[in-house]
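Structure first, then comments.
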Ligand code: HEC
Ligand code: HEC
Ligand code: HEC
Ligand code: HEC
Ligand code: HEC
Ligand code: HEC
Ligand code: HEC
Ligand code: HEC
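Residue numbers (the numbering used here): 9 to 396.
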């Protein structure tokens, strides 16, 4: 009766090969009898047992994921850390066994060393393109035709573009040039300079990076250079399409608007963004007081907080509607029109979100757009609730 956990662990360490083989056999057995175990050991909560820290960086991979746009959209660990298809899934599960083996055999310092130096191979660009482009998705599916049909274990296995992308309101990054609020040609930059996704998206998911870092990365090439035809720092709107659209009161589908009061009075990007030349790209509420009196700081705060709470509310409704629409699809109801309306609403919602100022650039227009999104959502819900 006197067996304790320490002894067992010590025994495991001494017979590590045997233990690993037994575990392998056990897992192989489980594959047949209990898929539930596979699901359970793919959950972020399981990963968190050994990746438990808060914040960003090594050991905090679960927490950083939890606060990402990907998590919000339901993209989980093995959707990125496991290639598409049945072979990719099996390899990811074997990788999990390797993690377990390593957890028992290496020191915490060695573990940290590995986590702080992730290799480029972890999530190759080809994998990101499976979800974010139509061609990348089609090519991968063609290459792995049979193995793709066998599994439905993760979101990844059901990703078929353009449908997946469009329903999430995402562009095809290799053909669209209006992405995430920025006017930017992925295809041109990736092909011309042989860049990988993480050359620019270096903060994706697990690292903390600021938008200023991102802009400075562009300015490495796009800084004052009279010989270049590339946009220069002062040409704010050649990159910042969403912010330009908001200032001008255009860009949303089916919602006409007016220029912001200040844009109409010839207040330009650099009238407010006075620090841009010194690398201080973002102005604060205080900047309002450089032209108006101090009270206008309060107006800024009102604008931002009203719009922010409306967006949070809409985002909750959005996930609920997406779930209901998928449910309706499963029950073979006609949802084509509802999805089209949903995509339009998401497009408009994302325009305001991508502007990034919660309506400070043009409060009236931002409000009109969000009201139209709310209306579209109500329309979709009404349709869904009607008996068919
Ligand atoms: C039993 C503890 C444990 C669990 C549970 C665990 N990991 Fe790990 N993980 C480790 C250790 C230890 C390492 C470092 C050594 C290594 O590379 O295996 C690691 C490394 C990694 C790496 C980096 C591999 C590399 O080559 O740099 C990834 C990615 C990863 N884990 C993802 C996951 C995911 C996803 C889950 C949940 C499905 C998970 N881990 C669950 C212990 C664990
Ligand atoms: C959208 C894709 C994506 C998702 C989802 C994702 N990761 Fe990662 N992960 C990456 C990329 C890319 C890297 C490569 C290194 C980097 O850029 O930080 C990485 C690196 C890692 C590493 C190596 C160590 C490190 O800190 O870089 C671990 C461990 C890891 N991820 C665990 C997880 C776990 C656990 C989850 C789920 C809770 C998860 N990842 C979800 C893309 C993703
Ligand atoms: C399983 C499919 C899937 C994979 C794999 C995937 N993504 Fe995404 N990605 C999404 C979805 C869905 C969203 C939408 C999130 C939202 O609605 O804000 C998204 C959003 C994004 C965004 C914009 C929002 C943000 O968080 O910054 C970027 C950039 C991005 N992905 C890059 C990548 C990169 C780089 C990789 C590879 C390391 C990758 N994605 C892998 C599905 C995926
Ligand atoms: C030269 C820099 C650069 C490279 C390389 C790059 N991107 Fe981007 N990407 C951007 C910029 C800039 C944006 C717009 C701002 C933002 O969303 O952060 C963007 C936006 C995105 C978005 C968000 C689209 C939206 O409308 O929300 C996705 C998804 C994305 N990129 C995926 C990828 C993938 C996948 C790769 C690799 C195949 C990649 N990117 C390579 C610079 C780059
Ligand atoms: C390695 C250098 C390099 C980097 C890094 C780079 N660019 Fe470029 N970019 C160029 C060059 C060169 C051109 C000029 C193309 C031409 O001659 O028309 C260009 C053209 C452009 C254009 C105008 C072309 C068009 O589509 O209308 C935009 C907008 C742009 N880049 C945005 C960005 C953004 C945003 C980033 C950062 C995420 C970035 N670039 C990073 C080199 C770079
Ligand atoms: C070559 C393209 C390009 C030009 C030109 C450009 N930007 Fe940016 N800027 C970017 C990108 C890319 C980002 C990162 C956006 C993201 O990640 O969503 C950014 C980020 C920003 C941010 C957010 C900074 C932060 O720390 O949060 C501000 C503010 C900004 N830009 C203002 C300006 C202003 C003002 C101008 C004109 C003086 C300008 N930008 C010119 C590409 C550009
Ligand atoms: C009336 C003053 C004003 C004008 C005009 C203005 N901005 Fe801004 N902008 C701001 C303020 C204030 C913020 C910071 C908002 C915040 O932090 O919530 C901001 C934030 C931004 C950001 C950061 C958004 C993010 O994603 O975090 C970008 C980019 C930007 N502005 C670009 C532009 C461009 C491009 C123009 C011209 C087309 C412009 N702005 C015109 C006041 C202005
Ligand atoms: C470069 C100077 C400048 C800056 C900085 C500036 N404004 Fe203005 N603002 C103006 C001008 C010029 C008008 C038009 C005056 C008119 O039509 O009466 C205006 C008009 C307005 C109006 C409508 C008319 C009124 O006086 O009530 C509001 C509200 C306003 N601004 C708020 C703000 C806020 C909030 C900020 C900070 C984000 C800000 N402004 C930053 C110059 C500026």
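Glycine is no exception: its CB is placed at the ideal position from the N, C-alpha and C atoms.
query, result
"Have a look at residue 334 and residue 393 and give me their C-alpha separation to the nearest angstrom.", "14 Å"
"Under a three-way DSSP split, which group does residue 190 fall into?", "strand"
"Got a sec: does ligand 4 put a non-hydrogen atom nearer than 7 Å to the Cβ of residue 244?", "no"
"If you count every other CB in all the chains shown that lies within 10 Å of the CB of residue 339, and 16 or more means buried, which is it?", "exposed"
"Could you tell me the boundaries of the alpha helix (DSSP H) in which residue 56 lies?", "Neither: residue 56 is in no alpha helix (DSSP H) and is coded neither H nor E."
"Just verifying my parser: in three-state terms, what is the DSSP assignment at residue 299?", "coil"
"Identify, in the order they occur along the chain, each residue of the same chain with its Cβ nearer than 7 Å to the Cβ of residue 211, setting aside the five sequence neighbours on each side.", "217"
"Looking at C-beta atoms only, is the number of pairs between the segment 267-287 and the segment 360-371 that lie closer than 8 Å three or more?", "yes"
"Consider the C-beta atom of residue 50 and the heavy atoms of ligand 1; say whether any pair is separated by less than 7 Å.", "yes"
"Have a look at residue 294 and residue 305 and give me their C-alpha separation to the nearest angstrom.", "6 Å"
"Give the C-beta separation of residue 90 and residue 82 to the nearest angstrom, bearing in mind that I take them to be a contact with Cβ-Cβ under 8 Å.", "Their Cβ separation, rounded to whole angstroms, is 15 Å, which puts residue 90 and residue 82 out of contact at 8 Å."
"Quick one: Cα of residue 160 to Cα of residue 154, how far?", "13 Å"
"Return yes when the Cβ of residue 213 is within less than 8 Å of the Cβ of residue 72, no when it is not.", "yes"
"Out of curiosity, what's the CA-to-CA distance linking residue 165 and residue 92?", "6 Å"
"Verify the contact flag: residue 379, CB atom, against every heavy atom of ligand 3, threshold strictly below 7 Å.", "no"
"Can you give the beta carbon distance from residue 359 to residue 257, rounded, assuming they're within the 8 Å contact cut?", "Actually they are not in contact, since the Cβ atoms of residue 359 and residue 257 sit about 12 Å apart, beyond 8 Å."
"Please report the straight-line C-alpha distance between residue 274 and residue 255, rounded to a whole angstrom.", "11 Å"
"Suppose you measure from the CA of residue 314 to the CA of residue 383; what does that come to, to the nearest Å?", "18 Å"
"Taking residue 224 as part of the alpha helix (DSSP H), name the residues at either end of that continuous run.", "219-227"
"May I have the straight-line CA-CA distance separating residue 244 from residue 379, to the nearest angstrom?", "28 Å"
"For the alpha helix (DSSP H) that residue 64 lies in, which residues bound it at each end?", "Note, residue 64: premise wrong, no alpha helix (DSSP H); not H, not E."
"In whole angstroms, give me the CA-to-CA distance for residue 343 and residue 187.", "27 Å"
"My understanding is that residue 162 touches residue 84, with C-beta atoms under 8 Å, so please give their C-beta distance in whole angstroms.", "7 Å"
"Excluding five sequence neighbours on each side, which residues of the same chain lie with their C-beta closer than 8 Å to the C-beta of residue 330?", "175 and 350"
"Residue 50 to residue 112, Cα distance in whole Å?", "19 Å"
"Whole alpha helix (DSSP H) runs in the segment 274-347 with 4 or more residues, listed along the chain?", "277-280 and 303-338"
"Regarding residue 203 and ligand 4, is the C-beta to nearest heavy atom distance less than 7 Å?", "yes"
"How is residue 240 classed by DSSP in three states: helix, strand or coil?", "coil"
"Quick check: the segment 146-153 against the segment 111-127, are there 3 or more CB pairs under 8 Å?", "no"
"Is any heavy atom of ligand 6 found at a distance shorter than 7 Å from the C-beta of residue 268?", "no"
"Tell me the rounded alpha-carbon separation between residue 312 and residue 65.", "30 Å"
"Compute the distance between the beta-carbons of residue 105 and residue 183, then report whether it is under 8 Å.", "no"
"Cutting at 7 Å between CB atoms, please list the residues of its own chain near residue 9, excluding the five before and the five after it.", "Confidence is the limiting factor: at residue 9 the pLDDT is only 47, short of 50, which leaves the residue's position unreliable, though a coordinate-based value still follows. So the list is empty, once near-sequence residues are dropped."
"Would you kindly report the start and end of the unbroken alpha helix (DSSP H) that includes residue 392?", "371-393"
"Let me know the beta strand (DSSP E) ranges lying completely inside the segment 114-138, each 3 residues or longer, listed in chain order.", "none"
"I want to check one thing, is the minimum distance from the CB of residue 229 to the heavy atoms of ligand 5 below 7 Å?", "yes"
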